[in-house]
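Visitor: Would you mind keeping the following structure in view while I ask a few things?
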Amino acid sequence: MTISQDLFERALDSIPGGVNSPVRAFNGVGGTPLFITKAQGVHTYDADGKQYIDYVGSWGPMILGHNHPEIKQAVLDAVENGLSYGAPTETEILMAEKVKALVPSIEKVRMVSSGTEATMSAIRLARGYTGRDKILKFEGCYHGHADSLLVKAGSGALTMGVPNSPGIPADFAKHTLTVSFNNLDEVKAIFDQYKDQIACVIIEPVAGNMNCIPPVEGFLEGLREICTDNQSVLIFDEVMTGFRVALGGAQQYYNIQPDLTCLGKVIGGGMPVGAFGGKKEIMDYIAPVGPVYQAGTLSGNPIAMAAGLKALELLSEQGLHEELEAKSKALCEGFQAAADEVGIALTTNYAGGMFGFFFTEAEKVTSYQQATECDLARFKKFFHLMLDEGVYLAPSAFEAGFVSTMHSDEEIAKTIGAAKRAFAKL
Ligand code: PMP
4 MTISQDLFER ALDSIPGGVN SPVRAFNGVG GTPLFITKAQ GVHTYDADGK
54 QYIDYVGSWG PMILGHNHPE IKQAVLDAVE NGLSYGAPTE TEILMAEKVK
104 ALVPSIEKVR MVSSGTEATM SAIRLARGYT GRDKILKFEG CYHGHADSLL
154 VKAGSGALTM GVPNSPGIPA DFAKHTLTVS FNNLDEVKAI FDQYKDQIAC
204 VIIEPVAGNM NCIPPVEGFL EGLREICTDN QSVLIFDEVM TGFRVALGGA
254 QQYYNIQPDL TCLGKVIGGG MPVGAFGGKK EIMDYIAPVG PVYQAGTLSG
304 NPIAMAAGLK ALELLSEQGL HEELEAKSKA LCEGFQAAAD EVGIALTTNY
354 AGGMFGFFFT EAEKVTSYQQ ATECDLARFK KFFHLMLDEG VYLAPSAFEA
404 GFVSTMHSDE EIAKTIGAAK RAFAKL
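Counting from 4, one number per residue, gives the positions in the sequence shown under the working numbering.
The structure is reproduced here in structure tokens:
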């Protein structure tokens, strides 16, 4: 029995499913989750002392690799002055100014403590601002676990086959409309059906919770147009894509301006942080200036702000995002060539520092339907073979992979070498 297996047995006694967030339990791939003891640079280390090249990166935030020395120092410096005040600090202003400078569609921003809080708050704000109840989301997109958003959701909800969670009153869920990602005709039809009733459209501009699916050409442009025509608020959930796909997020990469943007993970440099921001006119609808209530005791926490601010400063380095995309591309092309060599049907997607690979005969995966039709049994086998090789991929076929600046050519070559041996065994 490994130490991880032993720890998991113990955890099962005291923590539901042994984990504090479902996908971690390896439900999507089977077997025992690895218990991590430390992470440094490109590597994570498990309780049994094994080292892995990590492509999870704490599910996205570790764009600069784990435990970056400057972020660590910023945290240590901040800790000297106390852990939390529940009162305003200058660091919060610096953070807000930095976010505004990097994400031009954001004129005002409010900090929260998770991605779930960011999307939940943005939805409430959009409803309060428009005076409408219905929201529109896309099948397979995950926006955290707020009641309205856990309908036909991706990520763990999809991995575990419970797209609609019990505990959500049907009276809430009925206000959440869902259509297919990358299908503008369905969006148009639902806007015709629910004329003047849709408060907002929320979308992951690059879907990262049903594997990695970028928008097809014209899709985001079309959404922008439809939202403007119908006075609906367009919300980009950039919890995953923010500061990763490009410095200014997917909205910069695809050159589309949403009305509101949700941020998370990355903005805390690894600390529990989220944010939502956008047009002044909409943002001033929240308390204390506006009537829509939103609050948080630990929001803008000084340690989290110090870590996040340092991370954003480091991420602002010229050329960093081009370099990240080059790494995603090299990895995808390497996987593709290795799979082709042994006749394994595979296709890949990437955008900036996120990537995905699909075991399918399809030439390109652009829809939720296609993502769910991939060979999941093959993914499971591949995942475990890669783990044996010392490569830690997301433990689900419905999660994007992430590269960091620390993934050198050498690590990428090693990963592709491992994939080649794994494909041959499938
Ligand atoms: N939105 C997106 C796009 C996400 O990927 C996630 C988490 N993976 C969330 C929202 C929720 O964030 P959190 O887990 O921090 O609540």
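C-beta atoms are modelled at their ideal positions from N, C-alpha and C, and glycine is treated no differently. Because the structure is a prediction, the values reported are computed rather than measured.
Run the CB neighbour count on V394, radius 10 Å, all protein chains shown included, and call it buried at 16 or more, exposed below.
Guide: Its Cβ being crowded by 16 or more others within 10 Å, V394 is buried.
Visitor: What did DSSP end up calling Y55 once you bin it into helix, strand or coil?
Guide: strand
Visitor: My understanding is that F362 touches L349, with C-beta atoms under 8 angstroms, so please give their C-beta distance in whole angstroms.
Guide: 6 angstroms
Visitor: Between T181 and Y288, what straight-line distance do the alpha-carbon atoms span, to the nearest angstrom?
Guide: 26 angstroms
Visitor: Please work out which residues of its chain come closer than 8 angstroms, Cβ to Cβ, to V190, disregarding the five sequence neighbours upstream and downstream, and give them in chain order.
Guide: For V190, where only same-chain residues beyond five positions count, the Cβ hits under 8 angstroms are L139, V182, V204, G225, L226 and I229.
Visitor: Got a sec, what are the start and stop residues for the beta strand (DSSP E) M114 sits in?
Guide: K111 to V115
Visitor: To which residues of the same chain is S24 closer than 8 angstroms at the C-beta, ignoring the five residues directly before and after it?
Guide: Contacts found: G159.
Visitor: Strictly closer than 5 angstroms from CB to any heavy atom of ligand 1: give me those residues in the order they appear in the chain.
Guide: S117, G118, T119, H146, G147, E207, D240, V242, M243 and G267
Visitor: Taking only runs that begin and end inside the stretch 303-387, name each unbroken beta strand (DSSP E) of 3 or more residues, in chain order.
Guide: 350-354 and 357-361
Visitor: Which value, in whole angstroms, describes the spacing of the CA atoms of A421 and T231?
Guide: 48 angstroms
Visitor: According to DSSP, is T179 helix, strand or coil?
Guide: strand
Visitor: Use the C-beta contact count for N212: other C-beta atoms within 10 angstroms, 16 or more gives buried, fewer gives exposed.
Guide: By the Cβ neighbour-count rule, N212 is buried, with 16 or more other Cβ atoms within 10 Å of its own.
Visitor: For the putative contact between A307 and P275, defined by C-beta atoms under 8 angstroms, what is the C-beta separation to the nearest angstrom?
Guide: 7 angstroms
Visitor: So, does the stretch 49-66 touch the stretch 389-405, judging by three or more C-beta pairs under 8 angstroms?
Guide: Remark: three or more beta-carbon pairs, one from each stretch, lie closer than 8 angstroms, so the stretch 49-66 and the stretch 389-405 are flagged as touching.
Visitor: Restricting to Cα atoms, I'd like to know which of R424, V295 and G281 is closest to A341.
Guide: R424
Visitor: Please give the ranges of any alpha helix (DSSP H) in the stretch 37-110, keeping only runs that are unbroken, at least 4 residues long and fully inside the region.
Guide: 72-82 and 93-105
Visitor: Do you know how far the Cα of L317 is from the Cα of I74?
Guide: Using only the alpha carbons, I get a separation of about 9 angstroms.
Visitor: Rounded to the nearest angstrom, how far is the Cβ of G157 from that of Y145, given a contact under 8 angstroms?
Guide: 4 angstroms
Visitor: Tell me the DSSP secondary structure of K143 in three-state form.
Guide: Per the sequence shown, the amino acid found at residue 143 is Gly instead of Lys. Three-state DSSP puts G143 in coil, outside helix and strand.
Visitor: In its own chain, which residues sit with a C-beta less than 7 angstroms from the C-beta of F175, not counting the 5 before and 5 after it?
Guide: Short of 7 angstroms from the beta carbon of F175, and not among the five residues preceding or following it, lie these beta carbons of its own chain, in chain order: D150 and S151.
Visitor: Run the CB neighbour count on I18, radius 10 Å, all protein chains shown included, and call it buried at 16 or more, exposed below.
Guide: Burial state of I18 is exposed, judged by a 10 Å Cβ sphere holding fewer than 16 other Cβ atoms.
Visitor: Evaluate N70 with the Cβ neighbour count: other Cβ atoms within 10 Å of its Cβ, from every protein chain shown; 16 or more gives buried, anything less gives exposed.
Guide: exposed
Visitor: Which of the three DSSP states, helix, strand or coil, is assigned to T264?
Guide: strand
Visitor: What is the DSSP secondary structure of V394, reduced to helix, strand or coil?
Guide: strand
Visitor: Out of curiosity, what's the CA-to-CA distance linking L388 and A125?
Guide: 41 angstroms
Visitor: Residues in its own chain within less than 8 angstroms of E413 by CB, not counting five upstream and five downstream?
Guide: The same chain holds no residue with a CB closer than 8 angstroms to that of E413 once the five nearest residues on each side in sequence are set aside.
Visitor: Are there three or more Cβ pairs, one per stretch, closer than 8 angstroms when the stretch 94-109 is compared with the stretch 321-335?
Guide: no
Visitor: Grouping DSSP H, G and I as helix and E and B as strand, with all else coil, what is F222?
Guide: In the three-state reduction of the DSSP assignment, F222 falls in the helix class.
Visitor: Looking at C-alpha atoms only, which residue of M4, E12, F29 and G21 is the closest neighbour of L390?
Guide: Out of M4, E12, F29 and G21, F29 has the C-alpha closest to the C-alpha of L390.
Visitor: Here's the rule I'm using: 16 or more other beta-carbon atoms within 10 Å means buried, otherwise exposed. How should V292 be labelled?
Guide: The residue is exposed, with fewer than 16 neighbouring Cβ atoms inside 10 Å.
Visitor: Suppose contacts are defined by Cβ-Cβ distances below 8 angstroms. Is L429 in contact with K384 by that definition?
Guide: yes
Visitor: Looking at the structure shown, is F194 part of a helix, part of a strand, or coil, going by DSSP?
Guide: Here F194 sits in helix by DSSP.
Visitor: Mapping the DSSP letters down to three states, classify I171 as helix, strand or coil.
Guide: coil
Visitor: Using a threshold of 8 angstroms, state whether the C-beta atoms of G143 and F184 are closer than that.
Guide: Yes. Within cutoff.
Visitor: Alpha carbon to alpha carbon, what distance is there between G303 and P91?
Guide: 8 angstroms
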